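Enquirer: One structure, as C-alpha cells, below. Some questions next.
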Amino acid sequence: MTIKEDENNDASEVEETAVTDHDEADDQVLKREKKKNSKKKKSKKNVEDDGAAKPKKKKSKKKHDDVDDDEDSDEDEHPKEKSVKKKKSKKESAFMDIEAQVTASEETGTGKDSTLTIPPAISTTGQIRRSEFDSRQSSMLATSDDPFAIREGKTLLWRNVNMTLKTKDGADRKLLDDVWGEVPEKQTTAIMGPSGAGKTSLLNILAGRAKTRGKVTISSDVRLNNFSVNPTDISVRKHIAFVAQDDSLQVTSTPREAIYFSAKLRLPRNTPEKNLQKLVRRMLTELGLDSCADTYVGGALLKGISGGERKRCSVGVELVVRPAMVFLDEPTSGLDSFSAIQLCQVLKKVANAGSSVLFTIHQPASEIFNAFDRLILMNKGRVMYQGLVEDVPSYFRKRNHPLPKNYNPADWIMNVAQANTMQQLDEDGFFPKDTRNLPEPFAETMEGKDELGITLTEHHLEKDFDARPPGVFMQVRMLFTREIKNITRDTAAVGARFGLTIFLGILIGLIFRNVGKADPSQPQNLNSIFGALLMVLLMSMFGTAQPALLAFPEERPVFLREYSTNHYSVVSYFVARFSMEAVVTGLQILVQLLITFWFIGFQSSFGMLWTTVYALAMSSTALSVLLGCAVEDPKLGQEMLPLLFVPQMLFAGFFVAPDLIPSWLRWARYLCTLTYAIRIALVEEFGDGCPSDDGSDPCLNLLNSIGAEPDDTWWNWLVLVALFATFRLFALVVLQQKATKFF
Numbered sequence: 001m002t003i004k005e006d007e008n009n010d011a012s013e014v015e016e017t018a019v020t021d022h023d024e025a026d027d028q029v030l031k032r033e034k035k036k037n038s039k040k041k042k043s044k045k046n047v048e049d050d051g052a053a054k055p056k057k058k059k060s061k062k063k064h065d066d067v068d069d070d071e072d073s074d075e076d077e078h079p080k081e082k083s084v085k086k087k088k089s090k091k092e093s094a095f096m097d098i099e100a101q102v103t104a105s106e107e108t109g110t111g112k113d114s115t116l117t118i119p120p121a122i123s124t125t126g127q128i129r130r131s132e133f134d135s136r137q138s139s140m141l142a143t144s145d146d147p148f149a150i151r152e153g154k155t156l157l158w159r160n161v162n163m164t165l166k167t168k169d170g171a172d173r174k175l176l177d178d179v180w181g182e183v184p185e186k187q188t189t190a191i192m193g194p195s196g197a198g199k200t201s202l203l204n205i206l207a208g209r210a211k212t213r214g215k216v217t218i219s220s221d222v223r224l225n226n227f228s229v230n231p232t233d234i235s236v237r238k239h240i241a242f243v244a245q246d247d248s249l250q251v252t253s254t255p256r257e258a259i260y261f262s263a264k265l266r267l268p269r270n271t272p273e274k275n276l277q278k279l280v281r282r283m284l285t286e287l288g289l290d291s292c293a294d295t296y297v298g299g300a301l302l303k304g305i306s307g308g309e310r311k312r313c314s315v316g317v318e319l320v321v322r323p324a325m326v327f328l329d330e331p332t333s334g335l336d337s338f339s340a341i342q343l344c345q346v347l348k349k350v351a352n353a354g355s356s357v358l359f360t361i362h363q364p365a366s367e368i369f370n371a372f373d374r375l376i377l378m379n380k381g382r383v384m385y386q387g388l389v390e391d392v393p394s395y396f397r398k399r400n401h402p403l404p405k406n407y408n409p410a411d412w413i414m415n416v417a418q419a420n421t422m423q424q425l426d427e428d429g430f431f432p433k434d435t436r437n438l439p440e441p442f443a444e445t446m447e448g449k450d451e452l453g454i455t456l457t458e459h460h461l462e463k464d465f466d467a468r469p470p471g472v473f474m475q476v477r478m479l480f481t482r483e484i485k486n487i488t489r490d491t492a493a494v495g496a497r498f499g500l501t502i503f504l505g506i507l508i509g510l511i512f513r514n515v516g517k518a519d520p521s522q523p524q525n526l527n528s529i530f531g532a533l534l535m536v537l538l539m540s541m542f543g544t545a546q547p548a549l550l551a552f553p554e555e556r557p558v559f560l561r562e563y564s565t566n567h568y569s570v571v572s573y574f575v576a577r578f579s580m581e582a583v584v585t586g587l588q589i590l591v592q593l594l595i596t597f598w599f600i601g602f603q604s605s606f607g608m609l610w611t612t613v614y615a616l617a618m619s620s621t622a623l624s625v626l627l628g629c630a631v632e633d634p635k636l637g638q639e640m641l642p643l644l645f646v647p648q649m650l651f652a653g654f655f656v657a658p659d660l661i662p663s664w665l666r667w668a669r670y671l672c673t674l675t676y677a678i679r680i681a682l683v684e685e686f687g688d689g690c691p692s693d694d695g696s697d698p699c700l701n702l703l704n705s706i707g708a709e710p711d712d713t714w715w716n717w718l719v720l721v722a723l724f725a726t727f728r729l730f731a732l733v734v735l736q737q738k739a740t741k742f743f
C-alpha cells in the first residue's frame, strides 16, 4: 500500500490538521490516501525532486517534515502551530514515524505493493496501544489487492504453558515446563531446539491441535490481544492458519484448483466469483506457482509438482482467508536450500502484510536464520531464549558462549544446547524466567464483543466477512465435483477397477455360457444356474468392497486437515462420498451385467437383476466404508475385510441349510446382506417354478431350502435397504467421532 506525492496544498492541509488535532489527522490521511491512489503514478525523478526541496525547518526533522515544510514555505505559520510543535506528544511522534515510512516508501519507488508498517497492537509488556488510524489501516488492508493482507493483526501471548505425560510406572514426565513467549503481528517468529525439545508440542497447543486425551494433561495461559482464549475453540482457530509438516493435499488436484477449493468453501457465500478468481490468480503469483498452476499436485504414485511448490501450495490454501496468525510445523523439512529460501520469502511477505507468523524449524542455514524477526529457543521443554534474532549473539556472549566468527548462529546455538547439560546451562544463566509485566486479561465475554471477545474497534470485522459461509449444498457440490475429478484422473486405479470387472465378467460368462437357457427341472442344470447367479452376486460384492474400503484411509489426512479448518462438515463430506460411490458403483455393476447377463442367458429381467445386484453392492460398500472409517491403517482394513464377508457366505444358506446351523449362531444370518439378495434373485429367476416329469418342482425346493418365499420378496427388500442404511449411519457416527478426537 503506498501514498503518492501530490499537490502542495494537500500536504499543507494534512500537516495543519495533524498539528491541531491528531485524531482528525488520521481521518485526513486515510481520505488523502484513497484519493491519491486513484491518480496516475508519477515518475521516480519527480518524487525525488519534490523530496529534495529546501526544507524550512531544522535538519533534524524527519523526511516527511522536510517535504511538508517545503510545501508550506510560501505560507505564514500559524501561531498555534508553533506552540503545539514545541510540545509534541508521544502519540504525534508515532504518527510522524508512520508518515516518515510513507515518504521513504515513495522515494524508494517500491510501488503500490509496498506495505505500511503499523505499530503492534500489544507491546512486549502486553499493553494495548492501537489507535483509530491503525484500525482503519487494517480495515483497508482487507479490501486491498494484496492476497496476504489481513483485516486486523493480532498479537499472541502465552505463559505458564505446561504439558505433562503420565508414564507407565505412574510418574509424571514434563514435556513442557512453564513455557512463555509471544508472537507480535507483522513479524516472523521461529521456534528452534534439538529433537524432543517440545517445539511441535508447543505449536500444537497454541494452534488448538494438541491431543489432551489419555495420559496427557495441559495447562496454559494464552492470550490473543490480551483476551484470555482457549485455542481449541472454533472462534480462536478461525483466526489461525496451520500448515502441517506433511502436505495433505489432494494428489489429483492442481494448485489452482486446491486454492480455489479452499477459497470457495471458506470465504463468505456472497463473495463474487470474479473476486475469487482474482484472489486465486494473485495468490498463485505471490507464491511463485504460476508455472505449475495447472499441474497435478502429485504424490507417491502420481508425478506432480516439486516439494517446494507443494509446500507453497499448502501455505496458499490456508492464506486465502487472510488469517491473523500463520503457524507452520517444520515448513523447510525435506526442501533444498533454494526452495527453503523461497518459502521463507513468502512467509516474510505474509508477515509484512500484517499476519503473525510462527513456525518450528530444526537447524536452518545462516541466510534463513537471519531472515527471522524473533527466535524462541527451546531445550527439553524449557525456554533457553526468547527475543529478537539480532540480540542472540550478545545474549550468548553474556553467558560465556560467544558466537565464533564466520559461524552460522543457528549451528552454534544448537551446539550449545546439545553439548551442555541442563544443569550447566542453568548455571550459565539460560532458561530465563518470564519477567513481562502483563496486565490482567480482559473478560472473555463483553457487551459489544464478538464470540472471541476481541472487537476493539468498529472496523474489526467487515460487513462481507460477517456473511455466512457456503451452505451444505455448496459444500456437497464442490466435494462431489472434486471426487469425480479425482477418480477420473487416477487412471491407474480406475483402469484396474473396471479392467478387473470386465475380465471377471468375461471369465464367468464364458464358463457359464448359455447356462440360463437350460432346463432348470434337471438337477444338474438347476445347480449350474444357481452357481452362475451366485457368482454374479459375489463378484459384485467383493469387486466394490475393496475400493470402498481403501477410499477413506487414503483421504484421511486431507479430510482431517480440511475439516479442522472449517472447509465443510462431516455430513457434507459423507454425502459427497456416498454420491460418488453410488455413481461409480452403478456404472461398474452395469458393465458387469452387460457382459454376464447376455453370456449366461438369465430368465429374469435385466432391470430387476441389475437393481438386486446394485443393492447388494451398495450394501457391501456401506459395510466396507464402516470398516474403513474405524481403522486408521489401510493394511489392517484389508486384513479384516474377509472377517466381514466370509461369514455372509456361510450364513446365507447355500452352503449349509439354515436349519442345520447351530441355534446360538443362527441369528447372524439376519445381519447378512447376501442372505436377502440371494433370496430376491432366486425368486426372480425361479419364482414361477419348474415342474419335473415326476411331479416334483426342483425350483421351489431350492427356494425352500434357503428360506426364500415368493411372498416375502418385499420384506427381503425392506431388510436389505434397512441394513444398508444402518451400516451407513454407523459409518457416519464413527467418522464424526474420529474427526472430533483428532483434536
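Be aware that the sequence shown starts at 1, since it is given in full-length UniProt numbering, and climbs by one per residue. For every residue, glycine included, the Cβ atom is placed at its ideal position computed from N, Cα and C. Everything numeric in this text was worked out from a predicted model, so none of it was measured.
DSSP three-state call for Ser579: helix, strand or coil?
Expert: Reading the sequence shown from its first residue, position 579 is the one you call residue 579. Ser579 falls in the helix class under three-state DSSP.
Enquirer: Since Ala293 sits in a beta bridge, which residues does DSSP pair it with?
Expert: Residue numbering aside, residue 293 sits at position 293 when the sequence shown is read from its first letter. Answer is none; Ala293 lacks a bridge partner.
Enquirer: Starting from Tyr614, follow the alpha helix (DSSP H) in both directions and report where the run begins and ends.
Expert: Position 614 of the sequence shown, counted from the first residue, corresponds to residue 614. Here the alpha helix (DSSP H) through Tyr614 covers Phe606 to Ala630.
Enquirer: Hey, does Asp329 have any beta-carbon neighbour from chain D nearer than 8 Å?
Expert: Protein chain content of the structure displayed is limited to a single chain, and chain D is not contained in it.
Enquirer: Going by C-alpha distance, which of Thr585, Ala677 and Met608 is nearest Gly653?
Expert: By 1-based counting over the sequence shown, the position of residue 653 is 653. Measuring from the Cα of Gly653, the nearest candidate turns out to be Ala677.
Enquirer: For Thr155, name the three-state secondary structure that DSSP assigns.
Expert: Taking the sequence shown and counting its residues from 1, one reaches residue 155 at position 155. The answer is coil: DSSP assigns Thr155 none of H, G, I, E or B.
Enquirer: With distance defined between alpha-carbon atoms, name the residue in Leu388, Leu165 and Phe552 nearest to Gly628.
Expert: Walking along the sequence shown from the start, residue 628 turns up at place 628. The residue with the shortest Cα to Cα distance from Gly628 is Phe552.
Enquirer: In whole angstroms, what separates the C-alpha of Arg489 from that of Gln250?
Expert: Here residue 489 refers to the residue found at position 489 when the sequence shown is read from its first residue. Here residue 250 refers to the residue found at position 250 when the sequence shown is read from its first residue. Taking the straight line from one Cα to the other gives about 11 Å.
Enquirer: On the CB-based measure, 16 or more other CB atoms within 10 Å of its CB, does Ile234 come out buried or exposed?
Expert: Locating residue 234 in the sequence shown gives position 234, where the first residue counts as 1. Ile234 comes out exposed.
Enquirer: Taking only three categories from DSSP, how would you classify Glu182?
Expert: Sequence index remark: in the sequence shown, residue 182 carries index 182 (1-based). Note: Glu182 maps to strand in three-state DSSP.
Enquirer: Answer yes or no: do Pro184 and Ile205 have a C-beta to C-beta separation smaller than 8 Å?
Expert: The count along the sequence shown starts at 1 and reaches residue 184 at position 184. The count along the sequence shown starts at 1 and reaches residue 205 at position 205. Against a cut-off of 8 Å, the Cβ pair of Ile205 and Pro184 comes out as no contact.
Enquirer: Residues bridged to Ser228 by DSSP?
Expert: Translated into the one-based positions of the sequence shown, residue 228 becomes position 228. Per DSSP, the beta-bridge partners of Ser228 are Arg223.
Enquirer: Between which two residues does the alpha helix (DSSP H) carrying Phe242 extend?
Expert: The sequence position of residue 242 within the sequence shown is 242, counting from 1. Run containing Phe242: none in the alpha helix (DSSP H); it sits in the beta strand (DSSP E), Ile240 to Val243.
Enquirer: Do the region 501 to 519 and the region 539 to 557 touch if we need at least three Cβ pairs shorter than 8 Å?
Expert: yes
Enquirer: Can you say whether Asp329 is buried or exposed, counting buried as having 16 or more other CB atoms within 10 angstroms of its CB?
Expert: Taking the sequence shown and counting its residues from 1, one reaches residue 329 at position 329. Asp329 is buried by the Cβ-count criterion.
Enquirer: What first and last residue would you give for the beta strand (DSSP E) that runs through Val383?
Expert: Your numbering for residue 383 matches position 383 in the sequence shown. It spans Arg382 to Leu388 - the beta strand (DSSP E) in which Val383 sits, taken as one unbroken run.
Enquirer: State the Cα-Cα distance for the pair Asp169 and Pro658, rounded to the nearest angstrom.
Expert: For this step, residue 169 is matched to residue 169 along the sequence shown. For this step, residue 658 is matched to residue 658 along the sequence shown. One C-alpha to the other measures close to 52 Å.
Enquirer: Assign Val320 to one of three DSSP states: helix, strand, or coil.
Expert: In the sequence shown, counting from the first residue as 1, residue 320 sits at position 320. In this structure, Val320 counts as coil in the three-state DSSP scheme.
Enquirer: State the Cα-Cα distance for the pair Leu660 and Asn716, rounded to the nearest angstrom.
Expert: Taking the sequence shown and counting its residues from 1, the one referred to as residue 660 is at position 660. Taking the sequence shown and counting its residues from 1, the one referred to as residue 716 is at position 716. Roughly 21 Å separates the two Cα atoms.
Enquirer: Identify which residue in Ser248, Lys380, Asp178 and Met192 has its Cα closest to the Cα of Ile218.
Expert: One-based indexing of the sequence shown puts residue 218 at position 218. Nearest option by C-alpha distance: Asp178.
Enquirer: Hey, Ala417 and Gly193 are a contact pair by Cβ (cut 8 Å); roughly how many whole angstroms apart?
Expert: The sequence position of residue 417 within the sequence shown is 417, counting from 1. The sequence position of residue 193 within the sequence shown is 193, counting from 1. The Cβ separation is near 7 Å, so the contact holds.
Enquirer: May I have the straight-line CA-CA distance separating Pro404 from Asp411, to the nearest angstrom?
Expert: As a working mapping, residue 404 is identified with position 404 in the sequence shown. As a working mapping, residue 411 is identified with position 411 in the sequence shown. If you draw a straight line from the Cα of Pro404 to the Cα of Asp411, it comes to about 11 Å.
Enquirer: Under 8 Å by Cβ, that's how I've got Gly381 and Leu587 pegged, so tell me the actual separation to the nearest angstrom.
Expert: Walking along the sequence shown from the start, residue 381 turns up at place 381. Walking along the sequence shown from the start, residue 587 turns up at place 587. At roughly 55 Å, the Cβ-Cβ gap does not stay under 8 Å, so Gly381 and Leu587 are not in contact.
Enquirer: Within the same chain, show all residues whose beta-carbon is closer than 6 Å to that of Thr167, passing over the 5 residues directly before and after it, in chain order.
Expert: Indexing the sequence shown from 1 puts residue 167 at position 167. Leaving aside the five residues that flank Thr167 on each side, the residues in its chain whose CB is nearer than 6 Å to its CB run, in chain order, Arg173.
Enquirer: Do the region 589 to 606 and the region 666 to 680 meet, that is, are 3 or more Cβ pairs less than 8 Å apart?
Expert: no
Enquirer: Using the C-alpha atoms, what's the distance from Ser366 back to Phe578?
Expert: Locating residue 578 in the sequence shown gives position 578, where the first residue counts as 1. Locating residue 366 in the sequence shown gives position 366, where the first residue counts as 1. Each residue's alpha carbon lies about 51 Å from the other.
Enquirer: Return the residue from the list Ala258, Ser262, Gln277 and Val320 that minimises the CA-CA distance to Tyr296.
Expert: Counting from 1 along the sequence shown, the entry for residue 296 is found at position 296. Checking every option, the nearest Cα to that of Tyr296 belongs to Ala258.
Enquirer: Roughly how many whole angstroms lie between the Cα atoms of Trp667 and Cys699?
Expert: Working through the sequence shown from its first residue, we reach residue 667 at position 667. Working through the sequence shown from its first residue, we reach residue 699 at position 699. Going by the C-alpha atoms only, they are around 26 Å apart.
Enquirer: Please state the DSSP three-state secondary structure of Phe372.
Expert: Here residue 372 corresponds to residue number 372 of the sequence shown, with the count starting at 1. Note: Phe372 maps to coil in three-state DSSP.
Enquirer: Applying the 10 Å Cβ sphere with the 16-neighbour rule, what's the burial state of Leu549?
Expert: Here residue 549 refers to the residue found at position 549 when the sequence shown is read from its first residue. Looking at its Cβ environment, which holds 16 or more other Cβ atoms inside 10 Å, Leu549 is buried.
Enquirer: By how many angstroms is the C-alpha of Val315 removed from the C-alpha of Leu723?
Expert: What you label residue 723 is simply residue 723 of the sequence shown in a count that begins at 1. What you label residue 315 is simply residue 315 of the sequence shown in a count that begins at 1. For Leu723 and Val315, the distance between alpha carbons rounds to 43 Å.
Enquirer: DSSP has Phe327 in a bridge; who is on the other side?
Expert: For the purposes of this step, residue 327 is taken as the residue at position 327 of the sequence shown. Phe327 is bridged to Phe242 and Leu358.
Enquirer: Does the Cβ of Glu318 have 16 or more other Cβ atoms within 10 Å, making it buried, or fewer, making it exposed?
Expert: Counting from 1 along the sequence shown, the entry for residue 318 is found at position 318. Buried: at least 16 other Cβ atoms inside 10 Å.
Enquirer: Determine the direct distance from the alpha carbon of Val472 to that of Phe606, and round the result to whole angstroms.
Expert: Position 606 of the sequence shown, counting from 1, holds the residue named residue 606. Position 472 of the sequence shown, counting from 1, holds the residue named residue 472. Each residue's Cα considered, the two are about 36 Å apart.
Enquirer: Secondary structure at Val216, three-state DSSP: helix, strand or coil?
Expert: Locating residue 216 in the sequence shown gives position 216, counting from the first residue. If DSSP states are grouped into helix, strand and coil, Val216 belongs with the strands.
Enquirer: Using a Cβ-Cβ cut-off of 8 Å (strictly less than) and excluding sequence neighbours within five positions of Ala518, which residues of its own chain qualify?
Expert: Here the question's residue 518 lines up with position 518 in the sequence shown. Taken in chain order, the residues that qualify are Asn525, Ser528 and Ile529.
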